[in-house]
Amino acid sequence: VSAASPAAAQIGSFLSKKPYAPPSWASHLALAPSHTFSLGHFPTPIHQWNLPNLPEGTEVWIKRDDLSGMQLSGNKVRKLEFLLSDAVAQGADCVITVGGIQSNHCRATAVAAKYLNLDCYLILRTSKLLVDQDPGLVGNLLVERLLGAHIDLVSKEEYGKIGSVALADLLKKRLLEEGRKPYVIPVGGSNSLGTWGYIEAVRELEQQIQLSGDVQFDDIVVACGSGGTIAGLALGSKLSSLKDRSMHSLFAMTLNTSTIMFKA
Ligand SMILES: Cc1ncc(COP(=O)(O)O)c(C=O)c1O
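Residue numbers (UniProt numbering): 1 to 264.
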């Protein structure tokens with residue numbers, strides 16, 4: 001592989017810290033991040049989705065963010081690229097995050113933290129019954145336990161009373177007292193910094209549309225949980241060239257971690 005080839009450029013790029021420059025249409029936004037960690041495999045492919053019974057003249061295309069990596073796959077990776085870069089820049093030695101017992105965000109955070117040599121503390125919300133019994137080695141919890149994440153279970157009732165922010169703050173306080181340097185990532189990684197992941201995804205989409213020549217999309221449909229994905233897409237599409245050409249509205253629905261685009 002010659003040093004100048006695209007293949008050579010990829011060697012060593014995964015898990016590396018890179019300087020970040022926002023797209024020109026987002027450069028005026030406050031608090032633009034200066035760095036990001038390369039955690040996912042981008043750009044993710046876009047292909048037509050041959051669904052049955054579509055109205056005549058309607059095409060559905062899918063942007064496969066579920067293919068953004070293996071253990072780290074899905075929409076969470078884009079947010080974590082910015083959040084973990086900030087954690088490392090702040091000198092954190094561990095991260096704390098919060099979610100449901102089978103949260104994809106918590107699993108992705110545990111994997112990303114492991115890659116970057118940070119300890120991971122998860123506050124997982126579940127039924128009172130499972131707090132008292134052990135919830136076992138199932139789904140994302142199995143991955144988190146294999147990775148050695150520290151897990152605190154909290155009942156839905158307690159979670160409702162205390163709230164995710166206060167729960168994370170209590171754990172942060174305890175870790176600080178133990179001499180640790182924790183970095184808190186909110187539910188779903190959905191804060192202003194995490195939102196940059198999907199502002200950046202809009203730039204990726206713009207470039208893919210440009211390269212495709214004539215593919216245009218009218219609507220974008222995306223699953224919505226904590227809201228960071230849709231916030232980044234909505235902001236990015238409003239500011240970017242997608243606004244008039246291809247974006248009419250954003251709807252929320254639950255369908256995997258991929259982004260579905262309609263062309264009517
Ligand atoms: C599989 C999947 N897709 C989409 C979402 C929604 O993402 P967000 O939390 O950014 O709204 C989630 C998060 O809950 C998810 O787990």
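For every residue, glycine included, the Cβ atom is placed at its ideal position computed from N, Cα and C.
With a threshold of 6 Å, the Cβ atom of THR97 does not count as near ligand 1, since no heavy atom of the ligand is closer than that. Taken through DSSP and simplified to helix, strand or coil, GLU59 comes out as strand. CA-CA distance, GLY99 to GLU59, rounds to 35 Å. ILE185 is bridged by DSSP to THR97. Within the chosen limit of 6 Å, ligand 1 does not reach the beta carbon of CYS106 with any heavy atom. Between LEU242 and the set ALA231, SER5, GLU178 and ILE220, the nearest pair of CA atoms involves ILE220. Listed in chain order, the alpha helix (DSSP H) elements of length 4 or more contained wholly in the region 17-53 amount to none.
Distance from PRO19 to SER34 at the Cβ level is roughly 7 Å; contact confirmed, criterion being Cβ atoms closer than 8 Å. For the pair of segments examined, the region 144-160 was found not to touch the region 38-51: the number of CB pairs separated by less than 8 Å stays below three. Within the region 93-139, the complete alpha helix (DSSP H) runs of at least 4 residues fall at 104-115 and 128-132. When DSSP states are grouped into helix, strand and coil, VAL215 belongs to the coil group. Residue pairing of ASP152 in beta bridges, as defined by DSSP: ILE123. Where ARG174 is concerned, the enclosing alpha helix (DSSP H) starts and stops at 164-177.
Straight across, the Cα-Cα distance linking ASP132 with ILE151 is about 14 Å. In this structure, the beta-carbon distance from SER240 to VAL187 does not fall below 7 Å.
Under the three-state reduction of DSSP, LEU67 is assigned to helix. Placement of the Cβ of THR109 at a distance of 6 Å or more from every heavy atom of ligand 1 is found.
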